[in-house]
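Participant: Using our numbering, count along the sequence shown one by one with no gaps and you end on 420.
For each residue, glycine too, the CB sits at the ideal point set by N, CA and C.
Nothing here was measured: the structure is a model prediction, and the numbers come from that model.
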Amino acid sequence: MSDLFNFSAGPAMLPKEVMQQAREELLNWNNTGVSVMEFSHRDPAYVKMARQAEQDLRDLLNITDDYEVLFLQGGGRGQFSAVPQNIAAKSATVDYLDTGIWSGYAIREAAKYVSKVNVAGGCLETGKGKAIAPQEQWQLSDNAAYFHYCTNETVDGIALHTPPAGIEAPLVADMSSNILSEPLDVSKFGIIYAGAQKNIGPSGFAIAIVKKDLLGEPQPELSSIMDYQLQAKDGSMYNTPNTFAWYLSGLVFQWLKRQGGLAGIGQLNQQKAQLLYDYVDQSEFYRNEVHPDYRSIMNVPFQLADDSLDQKFLQEAAAAGLIGLKGHRFVGGMRASLYNAMPIAGVQTLIDFMDQFQRKL
Ligand code: PMP
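1) Just the Cα atoms here: how many angstroms apart are M393 and N90?
2) Would you give the residue range spanned by the alpha helix (DSSP H) that A79 belongs to?
3) In the DSSP output, what is H207 paired with across the bridge?
4) Could you tell me the distance, in whole angstroms, from the CA atom of D244 to the CA atom of L120?
5) Distance check for A291 and L363, CA to CA, integer angstroms please.
6) Which ranges would you report for the beta strand (DSSP E) in the segment 121-145 if only whole runs of at least 3 residues count?
7) With respect to the alpha helix (DSSP H) encompassing Y306, which residues constitute its N-terminal and C-terminal limits?
8) For Q362, name the three-state secondary structure that DSSP assigns.
9) By the 10 Å Cβ neighbour count, where 16 or more other Cβ atoms means buried, how is T221 classified, buried or exposed?
10) Throw me the rounded Cβ distance for the P242 and F303 pair, which I believe falls under 8 Å.
11) Among the residues of its own chain, which have a CB less than 6 Å from the CB of Q329, if the five just before and after it don't count?
12) Helix or strand or just coil, what does DSSP make of G294?
13) Would you list the residues sitting across from K175 in a DSSP beta bridge?
14) Rounded to a whole number of angstroms, what is the C-alpha to C-alpha distance between I324 and L381?
15) Could you tell me how far apart the beta carbons of L219 and I191 are, in whole angstroms, since I believe they sit closer than 8 Å?
16) Using only alpha-carbon positions, find the residue among G69, S396, V406, R167 that is nearest to G254.
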């Protein structure tokens, strides 16, 4: 199966080197004679590994001491409710940008916990494709408790590549599908969170990077496992963490460091996305409907000129070792997810396949 390339949007491909290491260590982790899954999270050997993973993440993202780094459960959606309950009063207004399917889910969840979710802006159609409305058009509220947006809409393939400037409320970003894909200035954000199953590790796990000065006044009903301050105090071990996911994420962070950190992987990610978008743009048969300035580097949706060929495309792609290309069930078409673990050879093989497919018609 060495020639298989997995373009799944998540759970997604993880670095082969990491998976091989995990396999080698599966039954005997750290010379303990048992699997890391069978080992106490309170044991000093586990705690050492867990703290090293945190340090590696801090190194990769240059996270300063005024931020907590939390390893949590409940994936990306868990954070949709954790954020408002941790940093907004019930009477608060919060601002959200609505740029796609995941922003929509985040908005509907937040609405359960605060008095008003103001949708400050969203997408618009332009002659060059779907774009995010320019910041001048956003309708911000006075005194919003925070401003939330999704840096990369996994389904729609739309991204806001630079954090908005000049917004008074703390910026909160859902980076589930593009965290660790390129260098990032964490200091611009109040909270960054991500479900793990794209660029970090196994699903069900989540990371939250939280500016300490936002904490202290959670909503009274906030459940303890979602309580950032409590989790920070307990080193993200208030409840038993997902020990395997934490371990595997740690291996991914070390792998990323070996790739030259975020600068190294960021360059490769740009190259991969550019190759695919360039091919799609020059093709008469395939198309991407997102404005070039807002195209995702991680998730490339594309449509075939004739959608009755979608099934044939997917079948032949799978036979050629290219899997996970089916678009999200809400939008159809195709989607190639090019997360950190996808080698450039995978993208080249995909392009060759796409080219042959349309030539044969
Ligand atoms: N936000 C984004 C941008 C996502 O892509 C996803 C999952 N695909 C989520 C949130 C939800 O993550 P989870 O399924 O881990 O709750």
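Facilitator: In brief:
1) As a working mapping, residue 393 is identified with position 334 in the sequence shown. As a working mapping, residue 90 is identified with position 31 in the sequence shown. Each residue's Cα considered, the two are about 45 Å apart.
2) Your numbering for residue 79 matches position 20 in the sequence shown. Going by the sequence as given, residue 79 is Gln instead of Ala. Here the alpha helix (DSSP H) through Q79 covers 75-84.
3) Taking the sequence shown and counting its residues from 1, one reaches residue 207 at position 148. DSSP lists Y155, V231 as the bridge partner or partners of H207.
4) As a first step, residue 244 must be located in the sequence shown, where it is residue number 185. As a first step, residue 120 must be located in the sequence shown, where it is residue number 61. The straight-line gap from Cα to Cα measures roughly 8 Å.
5) Locating residue 363 in the sequence shown gives position 304, counting from the first residue. Locating residue 291 in the sequence shown gives position 232, counting from the first residue. Their Cα atoms are separated by approximately 48 Å.
6) Counting whole runs of 3 or more residues, the segment 121-145 contains the beta strand (DSSP E) stretches 126-132.
7) In the sequence shown, residue 306 corresponds to position 247, counting from 1. It spans 302-317 - the alpha helix (DSSP H) in which Y306 sits, taken as one unbroken run.
8) The residue given as residue 362 occupies position 303 in the sequence shown. DSSP places Q362 in strand when its eight states are reduced to three.
9) Looking up residue 221 in the sequence shown gives position 162. Its Cβ having fewer than 16 others within 10 Å, T221 is exposed.
10) Numbered from its first residue, the sequence shown carries residue 242 at position 183. Numbered from its first residue, the sequence shown carries residue 303 at position 244. Going by Cβ atoms, the distance from P242 to F303 rounds to 29 Å, so no, they are not a contact pair.
11) Here residue 329 refers to the residue found at position 270 when the sequence shown is read from its first residue. So the list is empty, once near-sequence residues are dropped.
12) As a first step, residue 294 is located in the sequence shown; it is residue number 235 there, counting from the start. Of the three classes helix, strand and coil, the one that applies to G294 here is coil, per DSSP.
13) Here residue 175 corresponds to residue number 116 of the sequence shown, with the count starting at 1. T152.
14) In the sequence shown, counting from the first residue as 1, residue 324 sits at position 265. In the sequence shown, counting from the first residue as 1, residue 381 sits at position 322. If you take the alpha carbons of I324 and L381, they lie about 22 Å apart.
15) Here residue 219 corresponds to residue number 160 of the sequence shown, with the count starting at 1. Here residue 191 corresponds to residue number 132 of the sequence shown, with the count starting at 1. Right, the Cβ-Cβ distance comes to about 6 Å (below 8 Å), so this counts as a contact.
16) Numbered from 1 along the sequence shown, position 195 holds the residue referred to as residue 254. For the residues G69, S396, V406, R167, the minimum Cα distance to G254 belongs to G69.
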